[in-house]
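Encoded as structure tokens, the structure appears first; notes follow it.
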Amino acid sequence: MALQHDVLTPLYPVPDWWQSSVEEVDQLLSKDVALGEVRTISVSPGGRSVRAVCYGDAEPKLRGLANFNSAMGAGDPDAYFKRRERKRPVLFVVAGVHGHEVEGVASALSLIQLMETGKDARGKEQQALRKKMQQCRVIIIPLANPDGRIRVPYRGWVGLTSEEMTLRGQGCRKNGELYRWRGSKSVHPMVGNVGLLGAYFDDNGVNMMHDDWANPMSETTKALLQLVANEGPDCVLNLHSYAHYPALLQSAYVPQAYQQRVYDVAQMLYARLHQAGFRHASLSSNALRVGVEEDVHLGMNLQSMFFHVGAAFGLLFESPHGVGELAEQFDYDDILEVHLHLFEAAVDDVLLRHN
1 MALQHDVLTP LYPVPDWWQS SVEEVDQLLS KDVALGEVRT ISVSPGGRSV
51 RAVCYGDAEP KLRGLANFNS AMGAGDPDAY FKRRERKRPV LFVVAGVHGH
101 EVEGVASALS LIQLMETGKD ARGKEQQALR KKMQQCRVII IPLANPDGRI
151 RVPYRGWVGL TSEEMTLRGQ GCRKNGELYR WRGSKSVHPM VGNVGLLGAY
201 FDDNGVNMMH DDWANPMSET TKALLQLVAN EGPDCVLNLH SYAHYPALLQ
251 SAYVPQAYQQ RVYDVAQMLY ARLHQAGFRH ASLSSNALRV GVEEDVHLGM
301 NLQSMFFHVG AAFGLLFESP HGVGELAEQF DYDDILEVHL HLFEAAVDDV
351 LLRHN
């Protein structure tokens, strides 16, 4: 039996425009998408649909005769996908792999509204960003882990405590001891000594960021990798959240040119955030060899695997939750604004390289 935990009252009200629940995702995708194509890519262990919204035409005729790995072995990337011949580069956005990281979910839904109407979730005009996005094929998965999301009783985290976020995110043992970030990865799937199953995990206890790539435990993991393999995205934007300043993280076990590009986009994004008055993390050039040094022990996570099945590039973004003292620096408007800067930096980079 799961331990019972009180639901705290947030110090800051969640605005009506902020949508992040399973029900809000389902309602928006069912009623408010007219220009995009909505498709179900998988069903979670809890019986909840995981859906993608696609904008812009696919170009399947450019797909080659080999999978990505074999094409690399042939020394011929075009044997996988003739990306250079595309009319529209492909931008792939996935949010909510961890169910409590609602900031990406709300921002992905806002991006869908922007693609549909030219306005973000607040009703603010974003026509310039929309025009850039319309030059791409855009695929948005707003909530990859609805099982985890349904366990979280909060629509947003601004003003709540880091400890409460950690409890709901990574869960706790039967004695109430928190698993926390690192510890939650020492048991996988997360079964057995579980007092509260954290939103990192689906109903089978699987954290998709660290699935078994030789034999994935999650049908959604399989679906995400298959969709990336089919689309060959020019960029995969993987939206996460944590208790610190906005950050782009390096990926392990990818080429140095990929890591250099992450660094370059990070510098561009951070400059824009600074100009807009937002504090942000830093990304050292020393991180360019992450995952290739002998003394580094890093998992090959989902972001790395996106590359190894066919994504040309990817950005793993960590948004602030706005917990604790950061609530004074990042409210709900601020969090959405940060994501809008991220979306624009990503599409600017993709279009620059495509043209």
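According to full-length UniProt numbering, the sequence shown is numbered sequentially starting from 1. Just so it is clear, CB atoms sit at the ideal spot from N, CA and C, and this is done for glycine as well. None of these values were measured; they are calculated from a predicted model.
In this structure, how does DSSP classify P320 when only helix, strand and coil are distinguished?
Secondary structure of P320 (DSSP, three-state): strand.
With burial defined as no fewer than 16 other Cβ atoms inside 10 Å of the residue's Cβ, what is the status of A106: buried or exposed?
A106 counts as buried, since no fewer than 16 other beta carbons sit within 10 angstroms of its beta carbon.
So V7 is in the beta strand (DSSP E); what residue range does that whole segment cover?
Per DSSP, V7 belongs to no beta strand (DSSP E) and is neither H nor E.
Classification of P233 by the beta-carbon crowding that lies within 10 angstroms, buried from 16 upward:
Result: buried.
Counting along the chain, where does the beta strand (DSSP E) carrying N238 start and finish?
235-242 is the span of the beta strand (DSSP E), which, as asked, contains N238.
Proximity to N67 [Cα-Cα], best of A229, A252, E219, V187:
Measuring C-alpha to C-alpha distances from N67 to each of A229, A252, E219, V187 identifies A229 as the nearest.
Between which two residues does the alpha helix (DSSP H) holding residue 375 run?
With the chain covering only 1 through 355, there is no way to say anything about residue 375.
Using 8 Å as the cut-off, can you tell me whether the region 30-50 makes contact with the region 192-206, which would need three or more C-beta pairs spanning the two stretches below that distance?
Yes, since at least three Cβ pairs between the region 30-50 and the region 192-206 fall closer than 8 Å, the two stretches touch.
DSSP bridge partner residues for T40 (one or two, in chain order):
T40 is bridged by DSSP to R51.
Would you list the residues sitting across from I139 in a DSSP beta bridge?
In DSSP, I139 forms a bridge with C54, F92.
CB-CB length for H339 against H240, believed under 8 Å
Not quite, the Cβ-Cβ distance comes to about 12 Å (not below 8 Å), so this is no contact.
Endpoints, the alpha helix (DSSP H) within which L269 is located:
That run of the alpha helix (DSSP H) goes 256-275.
Hey, is the region 7-15 in contact with the region 142-161, meaning 3+ C-beta pairs nearer than 8 Å?
Touching, yes, given that three or more Cβ pairs across the two stretches are closer than 8 Å.
What do you reckon, are the CB atoms on N238 and G322 nearer than 8 Å?
No; because the gap between Cβ atoms is not below 8 Å, this pair is not in contact.
Per-residue DSSP class, three states only, for A121
Under the three-state reduction of DSSP output, A121 falls in the coil class, being neither helix nor strand.
Which residues in the same chain have their Cβ closer than 8 Å to the Cβ of E337, if we skip the five residues on either side of it in sequence?
Non-local C-beta neighbours of E337 in its own chain, meaning closer than 8 Å and more than five positions away in sequence, comprise A276, F278, ordered along the chain.
Let me make sure I understand the geometry here. Which of S218, A271, P320, D333 has the alpha-carbon closest to that of P146?
Nearest C-alpha to P146: S218.
Assign A311 to one of three DSSP states: helix, strand, or coil.
If DSSP states are grouped into helix, strand and coil, A311 belongs with coil.
For the candidate residues V187, G104, N69, whose alpha-carbon lies nearest to that of L342?
Looking at the Cα atoms, G104 is the closest of the given residues.
Can you tell me the Cβ-Cβ gap for L351 and K132, rounded? I've got them flagged as a contact below 8 Å.
Indeed, because the Cβ distance is near 6 Å, the residues count as touching under 8 Å.
Expected contact under 8 Å - CB spacing of A243 and G324 to nearest Å:
Their Cβ separation, rounded to whole angstroms, is 7 Å, which keeps A243 and G324 in contact under 8 Å.
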